[in-house]
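Numbering (this note's numbering), first residue to last: 1 to 333.
We put the CB at the ideal spot given by N, CA and C, even for glycine.
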Amino acid sequence: MKVLVTGGAGYIGSHTCVELLNVGYDLVVFDNFSNSTPEVLKRIEKITGKSILFINGDIRDEDAIEKALFGCDAVIHFAGLKAVGESVEKPLEYYDVNVYGTLCLVRVMQKLHVRKLVFSSSATVYGDPEFLPFTEEHPLRTTNPYAQTKLVIEEMLRNLYVSDQTWRIMILRYFNPVGAHESGLIGEDPKGTPNNLMPYIAQVAVGKREKVSVFGDNYPTKDGTGIRDYIHVVDLALGHVKALQTINKPQCTAINLGSGKGYSVLDVIHAFSKACGKNVSYMIVPRRAGDIAEFYSDPTLAKEMLSWEAKRNLDAMCTDMWNFQVKNPKGYV
Ligand code: NAD
Ligand code: WQD
Numbered sequence: 001m002k003v004l005v006t007g008g009a010g011y012i013g014s015h016t017c018v019e020l021l022n023v024g025y026d027l028v029v030f031d032n033f034s035n036s037t038p039e040v041l042k043r044i045e046k047i048t049g050k051s052i053l054f055i056n057g058d059i060r061d062e063d064a065i066e067k068a069l070f071g072c073d074a075v076i077h078f079a080g081l082k083a084v085g086e087s088v089e090k091p092l093e094y095y096d097v098n099v100y101g102t103l104c105l106v107r108v109m110q111k112l113h114v115r116k117l118v119f120s121s122s123a124t125v126y127g128d129p130e131f132l133p134f135t136e137e138h139p140l141r142t143t144n145p146y147a148q149t150k151l152v153i154e155e156m157l158r159n160l161y162v163s164d165q166t167w168r169i170m171i172l173r174y175f176n177p178v179g180a181h182e183s184g185l186i187g188e189d190p191k192g193t194p195n196n197l198m199p200y201i202a203q204v205a206v207g208k209r210e211k212v213s214v215f216g217d218n219y220p221t222k223d224g225t226g227i228r229d230y231i232h233v234v235d236l237a238l239g240h241v242k243a244l245q246t247i248n249k250p251q252c253t254a255i256n257l258g259s260g261k262g263y264s265v266l267d268v269i270h271a272f273s274k275a276c277g278k279n280v281s282y283m284i285v286p287r288r289a290g291d292i293a294e295f296y297s298d299p300t301l302a303k304e305m306l307s308w309e310a311k312r313n314l315d316a317m318c319t320d321m322w323n324f325q326v327k328n329p330k331g332y333v
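Structure below.
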């Protein structure tokens, strides 16, 4: 089976390509490298010993998508913009790439009669928790433009399925992806200052930054810092393989991909310190605007529908993240 992977050079996409190649899928990767580099593709080939077909194109270019999609049986759609803060400053860009880009992709899929789609959504569509853990039935209400683009796309896909019930769509809602491939060849390589906790910690540990700023220690949590459901990126990648293998009947289903466990910011700093063998310095600073005290997934549906669950623990997430950071102190450059 041949699969089009949009955004396949990115963080989650690259790890998913490795796992798809490992189980024998043929791949076409489609990316414009706006947040990645061609070096990633070489490294995927090095890890797997297999080659991938690559098309450099923009997800908003239907002609380019059509060329890439020709002969494919399914699509995994990662391509998009993902920084919450940037989405507040540049909402139109986020709607353009995320919403309009997905519209273009789905239109071409419709034209070429490709009906299997796995879409990268996010736990951020749940917004402030009404109850925890988040099940897929939790109300959807977003708090920033990035999250809103994911919600609009989800709704578009649900509407599409109602209009034509030959579609097989899985909407995967990721919790907090971290870690790297155990080879240390691929991992997360944020441009500029990292927005997310774990890449920031890794850069402090390697000496690139001085201290982690812990955003608030007065939340109603066990140690006052924010609690999240971290998931190893390789587990997440394996969830996509399961989704592709399972999506054999018409549906449009949203599924959480998380571990079901919550860890605080201080838990993560301590686990990372253990993994890298030195104390990661931190200081408490005021809360970050818009942050939620605590959220984590109920991963039951993924277990039932995909026979999938996260296996790698927080120590493995930190060890693999550190291994990538040490082997690539300047990222992919
Ligand atoms: P990433 O930025 O590493 O990967 C996205 C890839 O898409 C990059 O290679 C980028 O170059 C490409 N891309 C961006 N705009 C494009 C365009 N216009 N045309 C073609 N390619 C384009 O991000 P990631 O962390 O791997 O995330 C992948 C997907 O998962 C995104 O849709 C993101 O919103 C979603 N997601 C990510 C997280 C997370 O914390 N990393 C959490 C939930 C959901
Ligand atoms: C985790 C915890 C922070 C940085 C974001 C997006 C979400 C999703 C994943 C795509 C929180 C604290 C962080 C730092 C800190 N992406 N923190 N110091 O905010 O849960 O989710 O990324 O869909 O949409 O919103 O992840 O890693 O930024 O924060 O104390 O320097 O770490 O307050 O409690 P978040 P994060």
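**Request:** Could you give the DSSP three-state label for Leu53: helix, strand or coil?
**Result:** When secondary structure is reduced to three states using DSSP, Leu53 falls in the strand class.
**Message:** Going by beta-carbon coordinates alone, are Val97 and Ile59 separated by less than 9 Å?
**Reply:** Yes, Cβ-Cβ distance for Val97 and Ile59 is below 9 Å.
**Item:** CB of Asp73 within 9 Å of CB of Lys111, strictly
**Value:** Going by C-beta atoms, Asp73 is not nearer than 9 Å to Lys111.
**Prompt:** For Arg173, which three-state DSSP category applies?
**Reply:** Strand, per DSSP.
**Request:** With a threshold of 16 other CB atoms inside 10 Å of the CB of Asp223, please say whether the residue is buried or exposed.
**Result:** That one is exposed.
**Request:** Could you name the residues that DSSP lists as bridge partners for Gly254?
**Result:** What sits at residue 254 in the sequence shown is Ala, not Gly. According to DSSP, Ala254 bridges with Ile171.
**Item:** Counterpart residues of Ser297 in DSSP-defined beta bridges
**Value:** Listed as beta-bridge partners of Ser297 by DSSP are Phe134.
**Prompt:** Hey, is Phe272 close to the ligand NAD, as in C-beta under 8 Å from one of its heavy atoms?
**Reply:** Every heavy atom of the ligand NAD is 8 Å or more from the Cβ of Phe272, so no.
**Asked** Leaving out five residues before and five after Val326 in sequence, what residues of the same chain have Cβ atoms less than 6 Å from its Cβ?
**Response** The answer is none, since no qualifying residue turns up.
**Nearest to Ala316 (by Cα), restricted to the options Val178, Phe215, Thr102, Ile55** = Checking every option, the nearest Cα to that of Ala316 belongs to Val178.
**Asked** Roughly how many whole angstroms lie between the Cα atoms of Leu4 and Pro286?
**Response** Cα to Cα, Leu4 sits roughly 43 Å from Pro286.
**Asked** By the 10 Å Cβ neighbour count, where 16 or more other Cβ atoms means buried, how is Ile175 classified, buried or exposed?
**Response** Note on identity: in this sequence residue 175 is Phe, with Ile being the wrong assignment. It is buried - the Cβ of Phe175 has at least 16 other Cβ atoms within 10 Å.
**Request:** Tell me whether Thr6 is buried or exposed, calling it buried when 16 or more other Cβ atoms sit within 10 Å of its Cβ.
**Result:** Classified as buried, Thr6 has 16 or more neighbouring CB atoms from the shown chains inside 10 Å of its CB.
**Message:** Under 8 Å: does the beta carbon of Tyr25 sit that close to some heavy atom of the ligand WQD?
**Reply:** It does not: the Cβ of Tyr25 is nowhere closer than 8 Å to a heavy atom of the ligand WQD.
**Request:** Tell me Ser264's beta-bridge partners as DSSP assigns them.
**Result:** For Ser264, which the question treats as bridged, DSSP gives the partners Ile227.
**Spatial distance of Leu197 from Asp61 (CA atoms)** = Taking the straight line from one Cα to the other gives about 34 Å.
**Asked** According to the Cβ coordinates, are Ser297 and Asp229 closer than 9 Å?
**Response** In this structure, Ser297 places its C-beta atom within 9 Å of the C-beta atom of Asp229.
**Prompt:** Do Arg228 and the ligand WQD come close, with the Cβ less than 8 Å from some heavy atom?
**Reply:** Within the chosen limit of 8 Å, the ligand WQD reaches the beta carbon of Arg228 through at least one heavy atom.
**Asked** Among Ile65, Lys2, Asp128, which has the Cα closest to the Cα of Ser51?
**Response** The candidate whose alpha carbon is nearest that of Ser51 is Lys2.
**Tyr146, enclosing alpha helix (DSSP H) - first and last residue** = For Tyr146, the enclosing alpha helix (DSSP H) has its first and last residue at 145-163.
**Message:** Below 8 Å, how does it come out for the segment 84-97 and the segment 143-151: are there three or more Cβ pairs, yes or no?
**Reply:** Touching, yes, given that three or more Cβ pairs across the two stretches are closer than 8 Å.
**Asked** How do the segment 249-260 and the segment 203-213 stand: do at least 3 beta-carbon pairs fall below 8 Å, yes or no?
**Response** As far as the Cβ criterion goes, the segment 249-260 does not touch the segment 203-213, which means the pair count is below three.
**Message:** Checking the sheet assignment: what are the DSSP bridge partners for Tyr282?
**Reply:** Beta-bridge analysis with DSSP links Tyr282 to Val212.
**Item:** Straight-line gap, Val234 to Tyr263 (C-alpha atoms, nearest Å)
**Value:** The alpha-carbon atoms of Val234 and Tyr263 are separated by roughly 19 Å.
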